[in-house]
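Colleague: First the structure, then my questions, so here it is.
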Amino acid sequence: MTSEASYERLEQDELDWLAFCYVSGELQGDERSAFESRLADDQSAREALALAVELMQAIGVVETHENECVVPAANQRRLTTWPRRIAWMSLGASAALVLAVVWSQLDTITAVFAPPPFDRRELAEVWSQTRETVREIVQSEPYEFPATMEAELSSEESLPSWISAAVFNQSATDSDLDRPSTHDES
Amino acid sequence: MSAADEGKLEPSIVAALYLDHGEELRRFLVGLVRDPALAADVLQTTFARLVERGHETRQETRKAWLFRVAYHEAMAIRRREAVGDKVVRQVAWQSNGDWSTIDDRLVRFETVEIIRDELASLRPEERQVVRMRIYEDKTFAVIAKELQIPLGTALGRMRTALMKLRERLKRRDDESK
Chain A
1 MTSEASYERL
11 EQDELDWLAF
21 CYVSGELQGD
31 ERSAFESRLA
41 DDQSAREALA
51 LAVELMQAIG
61 VVETHENECV
71 VPAANQRRLT
81 TWPRRIAWMS
91 LGASAALVLA
101 VVWSQLDTIT
111 AVFAPPPFDR
121 RELAEVWSQT
131 RETVREIVQS
141 EPYEFPATME
151 AELSSEESLP
161 SWISAAVFNQ
171 SATDSDLDRP
181 STHDES
Chain B
1001 MSAADEGKLE
1011 PSIVAALYLD
1021 HGEELRRFLV
1031 GLVRDPALAA
1041 DVLQTTFARL
1051 VERGHETRQE
1061 TRKAWLFRVA
1071 YHEAMAIRRR
1081 EAVGDKVVRQ
1091 VAWQSNGDWS
1101 TIDDRLVRFE
1111 TVEIIRDELA
1121 SLRPEERQVV
1131 RMRIYEDKTF
1141 AVIAKELQIP
1151 LGTALGRMRT
1161 ALMKLRERLK
1171 RRDDESK
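Heads up: the sequence lines are chains A and B, in that order. Heads up: the first sequence runs through residues 1 to 186, numbered per the numbering used here. Heads up: the second sequence runs through residues 1001 to 1177, numbered per the numbering used here.
Right, here's the structure in full:
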């Protein structure tokens, strides 16, 4: 690494550390004000701040999962983890599979075990609920799922509605002005 | 296209800019205003400005333009909402040590997995300081006292750990380009 590259690396490390200190509340008074002023014009500082936020949140999530046993029960329900979702989805899929097998072998099972009378409509409803549960979990994820999953998110759904509204309302309003411009827009 | 539309950014460009920079902008704003809901409001305002004035920007500087507008909007809101004092405290999700209120849009699953792997590869003493500072929300002075190490050593371990974690995230960003 050249001396110039080393210097740049040191500068970036210093900036990243400053950003972390700012996010974690370590900077006080003049130091904090100076960093905030720097954010007005320094794109590197802004990106360092964004990275610091991402880093701290990711660390918090990891440490929370590692220490899950000390998380209050009320908060545990709100923790969403990929392994937990996989477990629930697998459970749902397994339940659906069991229902499907039972449904297909219903007559045989009925004949052998003579179960009490049941409502086939109830089974169909449970099957639909299972599919809906899987769909809800899939739709709540912000990122792409493997093709095998029932991912019904279209690319447009990853954009918030206000983006479309802001853009297309603007376009619709402008298109009403059906007359030539009388000024230079340069 | 009417004369009024001429020069306006194409909707597809606005959408692409949101997809490319929206998440990073949101994180930047959270770092400034310390409130995910407020950050979302400012993000929306920023992109509204882009729709209004984006045609005056150059493509190569649009990202910096977005961040600059977001910065000024955020500072204006902080003044209006008297958020200044809150900024001195840590980011909203840390105020109660309640990590369950994390906004999923701020951190992706794959980022968490990357960080999980890197944390596991840190030296134990570095990992310990990271956990105590971020998860347990202890000051460096308290950490140094509990671990019976100099304050500079505690800071150094944290800084080294952060450097390794940041490098890993930056490699992820470079690989995704």
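All residues carry an ideal CB built from backbone N, CA and C; glycine is no exception. As the structure is a prediction and not an experimental result, all values here were calculated from the model.
Measure the beta-carbon distance from V1033 of chain B to R1078 of chain B and round it to whole angstroms, keeping in mind my assumption that it falls under 8 Å.
Modeller: Residue numbering aside, residue 1033 of chain B sits at position 33 when the second sequence is read from its first letter. Residue numbering aside, residue 1078 of chain B sits at position 78 when the second sequence is read from its first letter. With a Cβ gap of about 6 Å, V1033 of chain B and R1078 of chain B count as contacting.
Colleague: Along the alpha helix (DSSP H) that carries M960 of chain B, what are the first and last residues, could you check?
Modeller: Only positions 1001 to 1177 of chain B appear in the structure, and residue 960 of chain B is not among them; the question remains open.
Colleague: Do the segment 1155-1166 of chain B and the segment 1129-1147 of chain B touch if we need at least three Cβ pairs shorter than 8 Å?
Modeller: The segment 1155-1166 of chain B is in contact with the segment 1129-1147 of chain B.
Colleague: Less than 8 Å between the beta carbons of T1046 of chain B and L1025 of chain B, yes or no?
Modeller: As a first step, residue 1046 of chain B must be located in the second sequence, where it is residue number 46. As a first step, residue 1025 of chain B must be located in the second sequence, where it is residue number 25. A contact, by the Cβ cut-off of 8 Å.
Colleague: For R1049 of chain B versus V1030 of chain B, is the C-beta distance shorter than 8 Å?
Modeller: Here residue 1049 of chain B is taken as the residue at index 49 of the second sequence, counted from 1. Here residue 1030 of chain B is taken as the residue at index 30 of the second sequence, counted from 1. Cβ atoms of R1049 of chain B and V1030 of chain B: not closer than 8 Å.
Colleague: Which chain C residues sit within Cβ distance under 8 Å of V1142 of chain B?
Modeller: Here chain C cannot be found, since the structure's protein chains are A and B.
Colleague: Check distances from the C-beta atoms of the segment 2-27 of chain A to those of chain B and list, in chain order, the residues that come in under 8 Å.
Modeller: From the segment 2-27 of chain A, only D13, D16, W17, A19, F20, Y22, V23, S24, G25 and E26 have a Cβ closer than 8 Å to chain B.
Colleague: For E196 of chain A, which three-state DSSP category applies?
Modeller: This structure cannot settle anything about residue 196 of chain A, because the visible part of chain A is limited to 1 through 186.
Colleague: Give the single residue among B:A1161, B:M1132 and B:H1021 whose Cα lies nearest to the Cα of L1147 of chain B.
Modeller: Taking the second sequence and counting its residues from 1, one reaches residue 1147 of chain B at position 147. Looking at the Cα atoms, B:M1132 is the closest of the given residues.
Colleague: Which ranges does the alpha helix (DSSP H) cover as unbroken runs of at least 4 residues, wholly within the segment 25-59 of chain A, from first to last along the chain?
Modeller: Segments of the alpha helix (DSSP H) lying fully in the segment 25-59 of chain A: 29-41.
Colleague: Let me know the secondary structure DSSP gives Q1148 of chain B once reduced to three states.
Modeller: Here residue 1148 of chain B corresponds to residue number 148 of the second sequence, with the count starting at 1. Coil.
Colleague: Give the DSSP-derived three-state secondary structure of I1102 of chain B in the structure shown.
Modeller: Your numbering for residue 1102 of chain B matches position 102 in the second sequence. Residue confidence for I1102 of chain B is low, a pLDDT of 47 falling below 50, so the modelled location carries little weight and cannot support an answer.
Colleague: With a threshold of 8 Å between beta carbons, is V101 of chain A in contact with chain B?
Modeller: Working through the first sequence from its first residue, we reach residue 101 of chain A at position 101. So, not an interface residue.
Colleague: So with Cβ pairs under 8 Å, would you call G1152 of chain B a contact of chain A?
Modeller: Here residue 1152 of chain B is taken as the residue at index 152 of the second sequence, counted from 1. By this cut-off, G1152 of chain B is not an interface position.
Colleague: I believe A50 of chain A touches R1027 of chain B by the beta-carbon criterion, under 8 Å. Please report the beta-carbon distance rounded to the nearest angstrom.
Modeller: Mapped onto the first sequence, residue 50 of chain A falls at position 50. Mapped onto the second sequence, residue 1027 of chain B falls at position 27. Right, their Cβ atoms sit about 4 Å apart.
Colleague: Which residues in chain B sit within 9 Å of W162 of chain A, going by Cβ to Cβ distance?
Modeller: Position 162 of the first sequence, counting from 1, holds the residue named residue 162 of chain A. Those are Q1044, F1047 and A1048, listed as they occur along chain B.
Colleague: Is there at least one Cβ from chain B nearer than 8 Å to V62 of chain A's Cβ?
Modeller: Mapped onto the first sequence, residue 62 of chain A falls at position 62. Output row for V62 of chain A: interface = yes.
Colleague: Does E1010 of chain B come out as helix, strand or coil in the three-state DSSP assignment?
Modeller: Locating residue 1010 of chain B in the second sequence gives position 10, counting from the first residue. In this structure, E1010 of chain B counts as coil in the three-state DSSP scheme.
Colleague: Would you tell me roughly how many angstroms separate the C-alpha atoms of F1135 of chain B and G60 of chain A, rounded to the nearest one?
Modeller: In the second sequence, counting from the first residue as 1, residue 1135 of chain B sits at position 135. In the first sequence, counting from the first residue as 1, residue 60 of chain A sits at position 60. According to the sequence as given, residue 1135 of chain B is Tyr; it is not Phe. In a straight line, the C-alpha of Y1135 of chain B is about 6 Å away from that of G60 of chain A.
Colleague: Does chain A have any CB closer than 8 Å to the CB of A1015 of chain B?
Modeller: Locating residue 1015 of chain B in the second sequence gives position 15, where the first residue counts as 1. Cβ-Cβ to chain A under 8 Å: yes for A1015 of chain B.
Colleague: Closest to K1008 of chain B by C-alpha separation, out of B:L1019, B:E1023 and B:Q1059, would be which residue?
Modeller: Indexing the second sequence from 1 puts residue 1008 of chain B at position 8. Answer by Cα proximity: B:Q1059.
Colleague: Contact criterion: CB-CB distance below 8 Å. Does G1031 of chain B meet it with respect to chain A?
Modeller: Locating residue 1031 of chain B in the second sequence gives position 31, where the first residue counts as 1. Yes, contact with chain A.
Colleague: Report yes if the C-beta distance between E1126 of chain B and A1161 of chain B is below 8 Å; otherwise report no.
Modeller: Translated into positions along the second sequence, residue 1126 of chain B becomes position 126. Translated into positions along the second sequence, residue 1161 of chain B becomes position 161. In contact: E1126 of chain B and A1161 of chain B (Cβ atoms closer than 8 Å).
Colleague: Looking at chain B, is there any beta carbon in it that lies within less than 8 Å of the beta carbon of E31 of chain A?
Modeller: For this step, residue 31 of chain A is matched to residue 31 along the first sequence. Answer no: the Cβ-Cβ gap between E31 of chain A and chain B never drops below 8 Å.
Colleague: Assuming R1116 of chain B and V53 of chain A are in contact, meaning their beta carbons sit under 8 Å apart, how far apart are those beta carbons, in whole angstroms?
Modeller: Numbered from 1 along the second sequence, position 116 holds the residue referred to as residue 1116 of chain B. Numbered from 1 along the first sequence, position 53 holds the residue referred to as residue 53 of chain A. Incorrect: roughly 18 Å between the Cβ atoms, too far for contact.
Colleague: Hey, D13 of chain A and M1163 of chain B are a contact pair by Cβ (cut 8 Å); roughly how many whole angstroms apart?
Modeller: Residue 13 of chain A sits at position 13 when you count from the first residue of the first sequence. Residue 1163 of chain B sits at position 163 when you count from the first residue of the second sequence. Rounded, the Cβ-Cβ distance is 6 Å, consistent with contact.
Colleague: Beta-carbon separation of L1057 of chain B and A58 of chain A under 8 Å?
Modeller: What you label residue 1057 of chain B is simply residue 57 of the second sequence in a count that begins at 1. What you label residue 58 of chain A is simply residue 58 of the first sequence in a count that begins at 1. Inspection of the sequence shows that residue 1057 of chain B is occupied by Thr rather than by Leu. In this structure, A58 of chain A does not lie closer than 8 Å to T1057 of chain B by Cβ.
Colleague: Alpha carbons only, please: which of B:R1159, B:I1149, B:E1118 and B:P1150 is nearest the one belonging to R1172 of chain B?
Modeller: Working through the second sequence from its first residue, we reach residue 1172 of chain B at position 172. For the residues B:R1159, B:I1149, B:E1118 and B:P1150, the minimum Cα distance to R1172 of chain B belongs to B:E1118.
Colleague: Count the other CB atoms, across all protein chains shown, that sit within 10 Å of the CB of L1066 of chain B; report buried if there are 16 or more and exposed otherwise.
Modeller: Counted from its first residue, the second sequence places residue 1066 of chain B at position 66. It counts as buried.
Colleague: Note down the Cα distance separating T64 of chain A from M56 of chain A, rounded to an integer number of angstroms.
Modeller: The sequence position of residue 64 of chain A within the first sequence is 64, counting from 1. The sequence position of residue 56 of chain A within the first sequence is 56, counting from 1. Their Cα atoms are separated by approximately 12 Å.
Colleague: With 8 Å as the C-beta to C-beta threshold (strictly closer), list the residues of the segment 39-61 of chain A near chain B in chain order.
Modeller: Residues L39, A40, D41, Q43, R46, E47, L49, A50, L51, A52, V53, E54, L55, M56, Q57, A58, I59, G60 and V61.
Colleague: Just the chain A side, please: which residues come within less than 7 Å of V1130 of chain B by C-beta, in chain order?
Modeller: Locating residue 1130 of chain B in the second sequence gives position 130, where the first residue counts as 1. Ordered by position in chain A, the residues that pass the 7 Å Cβ test against V1130 of chain B are I59.
Colleague: Using DSSP with H/G/I as helix, E/B as strand and the rest coil, what is K966 of chain B?
Modeller: With chain B represented from 1001 up to 1177, any question about residue 966 of chain B goes unanswered, as that position is not in the structure.
Colleague: How many angstroms separate the CA atom of W17 of chain A from the CA atom of R1080 of chain B?
Modeller: Taking the first residue of the first sequence as position 1, residue 17 of chain A is located at position 17. Taking the first residue of the second sequence as position 1, residue 1080 of chain B is located at position 80. For W17 of chain A and R1080 of chain B, the distance between alpha carbons rounds to 29 Å.
Colleague: As a quick exercise: from B:S1176, B:A1120, B:Q1044 and B:L1122, pick the residue whose alpha carbon is nearest that of A1015 of chain B.
Modeller: Within the second sequence, residue 1015 of chain B is the residue found at index 15, counting from 1. Out of B:S1176, B:A1120, B:Q1044 and B:L1122, B:Q1044 has the C-alpha closest to the C-alpha of A1015 of chain B.
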